[in-house]
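Input: a single structure, listed below in structure tokens.
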Amino acid sequence: MTLADLASIGSLISGVAVLASLVYLGIQTRQNVRHSQALIQQGRAARIADTALRIAELREGDAIDKCFAGSPDVAEKDVGRFLNIGRAIFVSAEDSYFQHKQGLLDDIAFASFETGARAGMGSPGVAAAWLLTRDMYEPEFRVYLDGLLGDMHAPAAAAQSRSLTRWRDALASFSR
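Residue numbers (this note's numbering): 110 to 285.
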């Protein structure tokens, strides 16, 4: 075996090692992307759950419910509190929108977000809060959410009514 043969064998081994390293790097990168997406989804779920629980705490009195329903008979301080609720909702929505746009939130999670956003924009109070605060958000997101507001009378949004009557109907459907 000559020195040239040894060099060729060494070059072959080196090439195989580089190829194996690239395959390993590809696997690690894919796992890292999945892990990052899982963390983003977990953070999104925690943020939404926390917001929902905080809203539930604020709904102890009738004032916030009146704001959700779009009643004009509310105190100025309650409107202020409600606009802060709206701000939390819209910041969360904006985050989900841009995460999806950047490929960090998959289509299934984004479809879930859109369903919830359409239902939320079906609330006259939430829609009014959007109109009062929309200038606080990035222009592209404003156009997107304005489109959802335009869809608030669509069947999907109407079907998501959270009224007491619908609550009772849902309970009755389980006791049949």
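Glycine included, every Cβ here is placed at the ideal spot set by N, Cα and C.
The model shown is predicted, which means the values in this text are computed figures rather than measured ones.
Cα-Cα, which of ASP255, GLY234, SER120 and SER130 is closest to PRO181? GLY234
Is THR111 helix, strand or coil by DSSP? coil
Between PHE283 and ILE157, what straight-line distance do the alpha-carbon atoms span, to the nearest angstrom? 27 Å
Sub-8 Å separation of LEU254 and ALA184 beta-carbons: no
Does the stretch 225–241 touch the stretch 194–214, meaning 3 or more C-beta pairs lie closer than 8 Å? yes
What first and last residue would you give for the alpha helix (DSSP H) that runs through LEU254? 248–259
In chain order, what residues of the same chain lie with their CB nearer than 8 Å to the CB of ILE173, ignoring the 5 residues before and after it? ILE164, LEU167, ASP187, ARG190, PHE191 and ILE194
Reduced DSSP category for ASP215 - H, G, I as helix; E, B as strand; rest coil: coil
Can you list, in chain order, the stretches of the beta strand (DSSP E) that have 3 or more residues and sit fully within the stretch 155–213? none
For the candidate residues SER232, PHE207, ALA281 and GLY231, whose alpha-carbon lies nearest to that of GLU247? PHE207
By the DSSP assignment, the alpha helix (DSSP H) with GLY231 in it spans what residues? That residue, GLY231, is in no alpha helix (DSSP H); it is neither H nor E in DSSP.
Residue of ILE118, GLY256 and ALA228 minimising C-alpha distance to ALA178: ALA228
Should LEU131 go down as buried or exposed, given a rule of 16 or more other Cβ atoms within 10 Å for buried? exposed
Give the single residue among ASP204, SER117 and GLN137 whose Cα lies nearest to the Cα of GLY305. Since the first residue shown for the chain is 110 and the last is 285, residue 305 is missing from the structure and cannot be characterised.
Please identify the residue among VAL142, VAL252, MET245 and ALA161 whose C-alpha is closest to the C-alpha of GLY212. VAL142
Distance, Cα to Cα, ALA226 vs GLY170? 24 Å
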